[in-house]
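Protein chains: 2
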Amino acid sequence: MTITTIGFDADDTLWHNEDGFRHVEERFVELVSPHAGRGVDVAAGLSATELANLRVYGYGVKAFGLSLIEAALTLSGGSVPSSVIGQLLGEIRDLLEAPVRVLPGVPEVLAAVSDTHRLVLITKGDLIHQTRKITTSGLAHHFHDVEVVNEKDPETYASILARLGVKPEEFCMVGNSVKSDVVPLLTIGAHAVHVPYPLTWALELTDASHLDYDELSSISDFPAWLAAQ
Amino acid sequence: MTITTIGFDADDTLWHNEDGFRHVEERFVELVSPHAGRGVDVAAGLSATELANLRVYGYGVKAFGLSLIEAALTLSGGSVPSSVIGQLLGEIRDLLEAPVRVLPGVPEVLAAVSDTHRLVLITKGDLIHQTRKITTSGLAHHFHDVEVVNEKDPETYASILARLGVKPEEFCMVGNSVKSDVVPLLTIGAHAVHVPYPLTWALELTDASHLDYDELSSISDFPAWLAAQ
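So the protein sequences, as listed, match chains A and B. Numbering-wise (my numbering), the first sequence opens with residue 1 and increments by one. Numbering-wise (my numbering), the second sequence opens with residue 1001 and increments by one.
What follows is the structure, given as structure tokens:
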């Protein structure tokens, strides 16, 4: 059956994202390490806090910000000065207000495939921040629909497809996360293409070596892949 | 034209919300006042911080949490101890994890009107927190659709109605905020019914005395109102 509808992931697929988080993590380590006990792995402590908070805080920059502050307090045994908390808040605001940096080839690919296919944007994260990035990216007009979701699991994708009135075999997802943009689609019988980004968040890592899917080195190769289906 | 579709607001319409925020504001004043300069209006300072951050942080508990911490730092000139920051983080987590307290009459009203009308839930706020409240409320099965939006303005409502395929004159919104649940609906030619909650957030106050709409003292009066249209 022909693919009629393409889902694109947003962060690290259409624009840079993870490098901004990594920058703040590095600042966190610089700022908090002097106040943590000797031998404390401050970066690992932050990751553990993020993972523990995921269920309650969800994804996105504001959740990350609250975890940063909580981890600064716990890892320092409450000894971190309030000036550090202020600097962490400043880093979060900078992330939220940073201009969108669209990845190479993306505008051309969206222009090419939107002539022949219906495009939807499917992203996790913070509703206001993702909306702001979409509306300021200059790419919004290519998308029939934008879905900001809590979790990219098979149920979520199935419900989006039902809402769009498209069968799984008519749908292809394109994204940088095997865990979020590939595995759940194969589970429901849809297509998926992996376009890696140089950095992957620890919580998005997964083992999918047993699965059969295509990986493209650049999103610019996607129109040709699509034409060959 | 007959009303076919009813939109319900969630916070302070279906369940208690504002009282939880008020409780945290009172704790904030207790915790931060001892560290603020004499004569500083700590509650007003918090409101001003929230308003200034609205554009970047959006609505919801996580946004409120980041504003609480920022305001604690600014109002105390950076002198607030980290233990206070930890207590504020704890209050935020409590708000996020608090069980939903459904308002009196709500389950009966939804059961009554869902027999004859299509119901949609339309709420601002934090995606993961609103989703959690909806799924744990025991009310989710009444709703055809759930929309968590950044802003309840005429454009947002118009786009939801278009997606539902319903004309403005066939749609009625029910909610506790004149600013968010009544005025924008009258602007686009839809119906709206105001059901006040005893508390209103300062940023939701508006003057709509020149507008003509019905106000019900209890949501339990809504089925009769609807039958009389």
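Where a beta carbon is used, it is the ideal one built from N, C-alpha and C, also for glycine.
Expressed to the nearest angstrom, what Euclidean distance is found between the alpha-carbon atoms of Ile1219 of chain B and Gln1229 of chain B?
16 Å
How many angstroms separate the CA atom of Leu1089 of chain B from the CA atom of Glu25 of chain A?
20 Å
Other residues of its chain near Arg1118 of chain B: CB distance less than 7 Å, five sequence neighbours each side excluded
Thr1004, Thr1005 and His1144
For Glu1215 of chain B: DSSP bridge partner residues:
B:His1194
For Arg1132 of chain B and Glu1018 of chain B, what's the separation of their Cα atoms in angstroms?
17 Å
Alpha-carbon spacing of Thr74 of chain A relative to Asn1176 of chain B, whole angstroms:
40 Å
Chain B residues whose Cβ lies nearer than 8 Å to that of Tyr57 of chain A:
Lys1062, Leu1096 and Ile1128
Taking DSSP as the reference, what is the three-state secondary structure of Ile160 of chain A?
helix
From which residue to which residue does the alpha helix (DSSP H) around Ile1006 of chain B run?
It is not in any alpha helix (DSSP H) - Ile1006 of chain B instead sits in the beta strand (DSSP E) that spans Thr1005 to Phe1008.
Proximity winner among B:Ala1162, B:His1194 and B:Ser1159, relative to Met1173 of chain B (alpha-carbon distances)
B:His1194
Considering only the beta carbon of each residue, do Gly1045 of chain B and Ala1071 of chain B sit closer than 8 Å?
yes
At a CB-CB cut-off below 8 Å, which residues of chain B make contact with Val85 of chain A?
A small correction: the amino acid at residue 85 of chain A is Ile; Val does not occupy that position in the sequence shown. Correct list: Ile1069, Leu1073, Ser1082 and Ile1085.
Where Arg1118 of chain B falls: helix, strand or coil (DSSP)
strand
Select from A:Glu50, A:Gly138, A:Leu68 and A:Val120 the residue whose C-alpha is nearest the C-alpha of Trp15 of chain A.
A:Gly138
If we define contact as Cβ-Cβ less than 8 Å, is Leu1199 of chain B a contact residue for chain A?
no
Measuring only between beta-carbons, confirm whether Leu110 of chain A sits less than 8 Å from chain D.
No chain D is present in this structure, whose protein chains are A and B.
Based on the DSSP secondary-structure assignment, which residues constitute the bridge partners of Asp1207 of chain B?
In the DSSP output, where bridge partners are listed per residue, Asp1207 of chain B has none listed.
State the Cα-Cα distance for the pair Val106 of chain A and Phe8 of chain A, rounded to the nearest angstrom.
11 Å
Who are the neighbours of Ile1092 of chain B on chain A, taking C-beta pairs under 8 Å?
Leu66
For Ser1209 of chain B, which option in B:Ala1227, B:Ala1202, B:Val1183 and B:Ala1224 has the closest C-alpha, if you only look at C-alpha atoms?
B:Val1183
Strictly by DSSP, which residues pair up with Glu147 of chain A?
A:Ile122
Could you give the DSSP three-state label for Trp1015 of chain B: helix, strand or coil?
strand
Confirm, please, whether the CB-CB distance from Val1146 of chain B to Leu1121 of chain B is below 8 Å.
yes
Glu30 of chain A: which of A:Thr13, A:Val84 and A:Ala140 sits nearest, CA to CA?
A:Val84
Every unbroken alpha helix (DSSP H) within the stretch 1013-1075 of chain B, with a cutoff of 4 residues, ordered by chain:
1018-1032, 1042-1057 and 1061-1075
Work out the CA separation of Asp1181 of chain B and Ala1192 of chain B for me, nearest whole Å.
7 Å
Got a sec? Which residues, its chain only, sit under 8 Å from Val1113 of chain B by beta carbon, not counting five neighbours each side?
Ile1006, Leu1119, Phe1222, Pro1223 and Leu1226
Under 9 Å between beta-carbons, which chain B residues line up against Val148 of chain A? List them in chain order, please.
Leu1127 and Val1148
Count the other CB atoms within 10 Å of the CB of Thr1049 of chain B; is the residue buried (16 or more) or exposed (fewer)?
buried
If you measure from the CB of Arg1022 of chain B, is any heavy atom of the ligand ATP nearer than 7 Å?
Ligands are entirely absent from the displayed structure, and the ligand ATP is therefore not among its contents.
Given this structure, state the Cα-to-Cα distance separating Gly1077 of chain B from Lys62 of chain A, to the nearest angstrom.
23 Å
Are the CB atoms of Leu1203 of chain B and Tyr1157 of chain B nearer to each other than 8 Å?
no
What does Gly78 of chain A touch in chain B if you count any residue whose Cβ is under 7 Å from its own?
Ser1082, Ser1083 and Gly1086
Give every residue of the same chain whose Cβ lies closer than 7 Å to the Cβ of Leu95 of chain A, excluding the five residues on either side of it in the sequence, and list them in chain order.
Gly20, Val24 and Val61
Check whether the Cβ atoms of Thr206 of chain A and Val178 of chain A lie closer than 8 Å to each other.
yes
Quick one: measure Cβ to Cβ for Glu97 of chain A and Val1056 of chain B, integer angstroms, because I've assumed they're closer than 8 Å.
6 Å
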